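S.K.:
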Amino acid sequence: AELQRTQRSVAEGEEKRRKFTDDQTRKVGQLRDEFNRWQDEGAGKIARSVLQEVEKDCSVITAKVERKVTELAGTITTSCHELAGRISALEVRTAEGAAAGK
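Sequential numbering from 56 applies to the sequence shown in our numbering.
1) Between the beta-carbon of S134 and the beta-carbon of T61, is there less than 9 Å?
2) Let me know if A155 comes out buried or exposed under the rule of 16 or more other beta-carbons within 10 Å of its beta-carbon.
3) If we ignore side chains and look at the alpha-carbon of each, how far apart do E67 and N91 end up?
4) Just verifying my parser: in three-state terms, what is the DSSP assignment at A154?
5) In terms of alpha-carbon separation, which member of S114, I101 and D88 lies closest to D77?
6) Can the beta-carbon of V65 be found less than 9 Å from the beta-carbon of I131?
7) What would DSSP say about E70, mapped onto helix, strand or coil?
8) Closest to L58 by CA distance: which of V105, W93, A150 and A139 is it?
9) Would you mind sorting A118 into buried or exposed? The rule is 16 or more other CB atoms within 10 Å of its CB.
Written as structure tokens, this is what we have:
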């Protein structure tokens with residue numbers, strides 16, 4: 056049960072990362088639309104500069120989030136493997152104890 060909860064937690068983390076990335080992509084798309092409007096109004100240089108800064112900031116934030124999610128997923132996976140090993144060892148000891156008690 057603990058392993059399933061942990062796996063569910065990893066999946067939820069991946070979903071949150073995917074949602075965050077999708078949100079960032081959507082926001083950049085909105086900014087591109089705004090940039091196009093600004094350009095049409097003659098403020099293209101300012102809009103281009105702002106858009107480049109926002110895209111750079113979004114890229115940095117997204118990379119940080121993805122690194123952290125990957126790091127956490129690795130830690131959780133390692134913990135799951137350790138937990139599975141302990142459960143297997145406990146099952147073996149329980150079976151051995153049951154066999155000895157017969």
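Where a beta carbon is used, it is the ideal one built from N, C-alpha and C, also for glycine.
All figures in this text were calculated on a predicted structure; none of them were measured in a lab.
M.R.: Well, looking at it:
1) yes
2) When all chains shown are included, A155 counts as exposed.
3) 36 Å
4) helix
5) For D77, the nearest C-alpha among the options comes from S114.
6) Between V65 and I131, the C-beta spacing is below 9 Å.
7) In the structure shown, E70 sits in a helix (DSSP, three-state: H, G or I).
8) A139
9) exposed
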